[in-house]
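Taken in order, these protein sequences are the chains called A and B.
Quick note: the first sequence uses the working numbering, first residue 19, plus one each step.
Quick note: the second sequence uses the working numbering, first residue 19, plus one each step.
No residue lacks a Cβ here, since even glycine has one placed at the ideal position from N, Cα and C.
Here is the structure we will look at, set down as structure tokens.
There are 2 protein chains.
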Amino acid sequence: MANGDDAKTGRPRAKHKRGHGVITAYETLKREILELTMAPGSPVDEIQLSQRFGMSRTPIREALVRLASEGLIVTLPNRSTIVAPIDFLDLPQFFDALTLMYRVTTRLAAMNRSDDEIAHIRQLQAGYAEAVEAKDVAGMIEVNRHFHAAIARAGKNHYYTELFERLLDEGRRLLRFYYSSFNDELPRVYLQEHQDMVSAIEARDIEAADRIAHAHADQIVRQIRAYISADRRLNASIPL
Amino acid sequence: MANGDDAKTGRPRAKHKRGHGVITAYETLKREILELTMAPGSPVDEIQLSQRFGMSRTPIREALVRLASEGLIVTLPNRSTIVAPIDFLDLPQFFDALTLMYRVTTRLAAMNRSDDEIAHIRQLQAGYAEAVEAKDVAGMIEVNRHFHAAIARAGKNHYYTELFERLLDEGRRLLRFYYSSFNDELPRVYLQEHQDMVSAIEARDIEAADRIAHAHADQIVRQIRAYISADRRLNASIPL
DNA sequence: TTAGCCCTTTTTGTCGACTTAAAAAATACA
DNA sequence: TGTATTTTTTAAGTCGACAAAAAGGGCTAA
């Protein structure tokens, strides 16, 4: 209600170009979910959204079906739709899959990368460095995701790429918490690891790429774990 | 047109129970695509389907959106929808991912299986044996898929399970060709491998499970490869 | 006061019609 | 006769409305 209300101009005329409706809704909602603008577990109302985007329920519905099939929202049959909750019991599985995908995609990138792709990856890496320098957390998360996605794509196995991107997206919601646990040192560690990773990929050194990716993943997992268990200790310290 | 025409009873009354429309359409179409009843590349007409299933285009559309997000159909914007073609150039990637998922899911099953799950898996394995005995190709493909899916589920990592099931489904279309290349010996080899696999899982012998899964995957990939390259030679022998 | 039933409310699922993009066909032109 | 342009056709995208579940609230009876 309080967000995008253009229903004042008589008619909410802002005609999308046909076919763009679904895309707009889909991408906007996806971004908002991943950035935690829409809180996990909060209800998703079709009518409200259709008003907000100035379109009928049909395209909204299609966007929601897509998001549901990516696991970003959950639909309770005949009753309410909610933003997918973050299931902390799933974390070990998540970490396991994430680590494997880090390794596999980086390995494949070392095998199959083209020169153009290396250039692109280096560019993203530079962007990451900038974000770290500027202490721009949102930027770091964003660029970091694109950096690893680009590596995965250079590996040229779309099965891995898809799963990995999904994991990275899923992870972005965690990262929102996670990055808040940063002291200023850690991003530099990652920066160096990224650097080494790119070098290994460029040199087509598969084993090195694997090793670095593995270490990188472990590092990240360890960090998130530390944050979460620290969080638990907070509760544990409540006097009884 | 020639299929399910109930529009004679005044009204096409065959009322699904609300919510079941989409599910029916989705599952039916999915099955037909995987069984090659719907040929890869053949057009999918919403109107025709809505007539066939006796429902409006809306639920059909939703089913198609889901199928599209699983990669089983391809939608050309504003113009036609087709059953996803089988891309033979993708095969190396497919094999790679399939092999990895075989290994990972079997490993995890060996780590995490419960006694109930082992029982269930053994049951499916028995079903597979029966299908082989009866030389029921469709049955073999079906049970084989469920056998491996059950193992994956016993591994309890839904990220892997989902990807693996998708790969197995995607593979079912290939298997339709593939199984036709069977001589009577091969299914028995698989039977034995399955047997060993279950034993390793039951014994919680992770390394053995991994080794067997790897060998199993290699065996399958080799077989499909052989079939495909044999097929190529057929063309190569055309006199010029 | 409390338990059970009925009615209202809310939100999803489905429908049929309309709109429009893009391909195919038909036409005109060189 | 070949190519460019217009027209037709087809199927996807969108809309507004209605129907049916499920949850919540209110009412009655014990």
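Give the residues of chain A in contact with residue i, contact being defined as C-beta atoms less than 8 angstroms apart.
i              : result
S217 (chain B) : Simply none; closest approach about 24 angstroms.
P95 (chain B)  : G37
L192 (chain B) : What L192 (chain B) touches in chain A: nothing, since even the nearest Cβ is about 14 angstroms away.
Between residue i and residue j, which are expected to be in contact by the criterion C-beta below 8 angstroms, what is the C-beta distance as a whole number of angstroms?
i              : j              : result
A231 (chain B) : Y120 (chain B) : 5 angstroms
I169 (chain B) : T123 (chain B) : 6 angstroms
V239 (chain A) : F113 (chain A) : 5 angstroms
S87 (chain A)  : I78 (chain A)  : That pair is no contact at about 15 angstroms.
G37 (chain B)  : N96 (chain A)  : 6 angstroms
L47 (chain A)  : D187 (chain A) : Not confirmed; about 13 angstroms, so no contact.
R125 (chain A) : A227 (chain A) : 6 angstroms
T117 (chain B) : F71 (chain B)  : Rounded, the Cβ-Cβ distance is 38 angstroms, inconsistent with contact.
By alpha-carbon positions, which one of the options ends up nearest to residue i?
i              : options                           : result
Y177 (chain A) : B:A115, B:M73, B:A57 and B:H38    : B:A115
A156 (chain B) : B:R190, B:D223 and B:T93          : B:R190
Y245 (chain B) : B:P77, B:L193 and B:E180          : B:L193
V101 (chain A) : A:S68, A:T76, A:H138 and A:S60    : A:S60
R171 (chain A) : A:A144, A:I219 and A:M158         : A:I219
K153 (chain A) : A:P205, A:H138, A:A43 and A:D134  : A:P205
E225 (chain A) : A:E148, A:A43, A:A128 and A:R84   : A:A128
P58 (chain A)  : A:D105, A:G72, A:A167 and A:N96   : A:D105
I139 (chain A) : A:F165, A:S98, A:A43 and A:L185   : A:F165
A81 (chain A)  : A:T99, A:T55, A:V40 and A:D63     : A:V40
E160 (chain B) : B:K174, B:Q143, B:L181 and B:A227 : B:Q143
I136 (chain A) : A:E148, A:G173 and A:M158         : A:G173
T99 (chain A)  : A:N162, A:L209 and A:M56          : A:M56
E211 (chain A) : A:R75, A:H234 and A:A43           : A:H234
Cβ closer than 8 angstroms: which chain B residues qualify as neighbours of residue i?
i             : result
M80 (chain A) : Checking the sequence, you will find Glu at residue 80 (chain A) rather than Met. Ordered by position in chain B, the residues that pass the 8 angstroms Cβ test against E80 (chain A) are R79, E80 and V83.
What does residue i reach in chain B if we use C-beta pairs closer than 7 angstroms?
i             : result
R87 (chain A) : Looking at the sequence provided, one finds Ser at residue 87 (chain A) rather than Arg. What S87 (chain A) touches in chain B: R84 and S87.
Counting only beta-carbon separations shorter than 8 angstroms, does residue i have a partner in chain B?
i              : result
H234 (chain A) : no
H176 (chain A) : yes
L181 (chain A) : yes
V122 (chain A) : yes
D114 (chain A) : yes
A32 (chain A)  : Bear in mind that a pLDDT of 49 at A32 (chain A), under 50, signals an unreliable position, so the number given afterwards is only what the model happens to contain. No, A32 (chain A) lies away from the interface with chain B (no Cβ there is under 8 angstroms from its Cβ).
M19 (chain A)  : Model confidence at M19 (chain A) stands at a pLDDT of 35, short of 50, so the residue's coordinates are unreliable and nothing is read from them.
G22 (chain A)  : For G22 (chain A), the predicted structure reports a pLDDT of 33, less than 50, and the residue's modelled location is therefore unreliable. A value from the coordinates is still provided. G22 (chain A) does not count as touching chain B.
Going along chain A in order, which residues have a C-beta closer than 9 angstroms to the C-beta of residue i?
i              : result
H212 (chain B) : Chain A residues near H212 (chain B): none, gap ~24 angstroms exceeds 9 angstroms.
Within 8 angstroms (strictly less), CB to CB, does residue i reach chain A?
i              : result
R29 (chain B)  : The pLDDT assigned to R29 (chain B) is 36, lower than 50, so where the model puts this residue is not dependable; a value taken from the coordinates is nonetheless given after this. No, R29 (chain B) does not count as interfacial toward chain A.
A25 (chain B)  : Here A25 (chain B) scores only 34 on pLDDT, less than 50, and its place in the model should not be relied on; the value that follows carries that caveat. No, its Cβ sits nowhere closer than 8 angstroms to a Cβ of chain A.
Q141 (chain B) : no
A170 (chain B) : no
L109 (chain B) : no
L52 (chain B)  : no
L67 (chain B)  : no
L185 (chain B) : yes
Chain A partners of residue i, CB-CB under 7 angstroms?
i              : result
L118 (chain B) : V122
Would you say the beta carbon of residue i comes nearer than 7 angstroms to a heavy atom of the ligand ZN?
i              : result
A156 (chain A) : This structure simply doesn't include the ligand ZN, nor any ligand for that matter.
key: Those runs of the alpha helix (DSSP H) which lie wholly inside the segment 52 to 96 of chain B and span at least 4 residues   = Look at the segment 52 to 96 of chain B and you find these whole runs of alpha helix (DSSP H), each 4 residues long or longer: 64 to 71 and 75 to 87.
ask   = Enumerated in chain order, which unbroken segments of the alpha helix (DSSP H) with a length of 4 residues or greater are wholly contained in the segment 135 to 205 of chain A?
value = As far as the segment 135 to 205 of chain A is concerned, its whole alpha helix (DSSP H) runs of at least 4 residues are 155 to 173 and 176 to 196.
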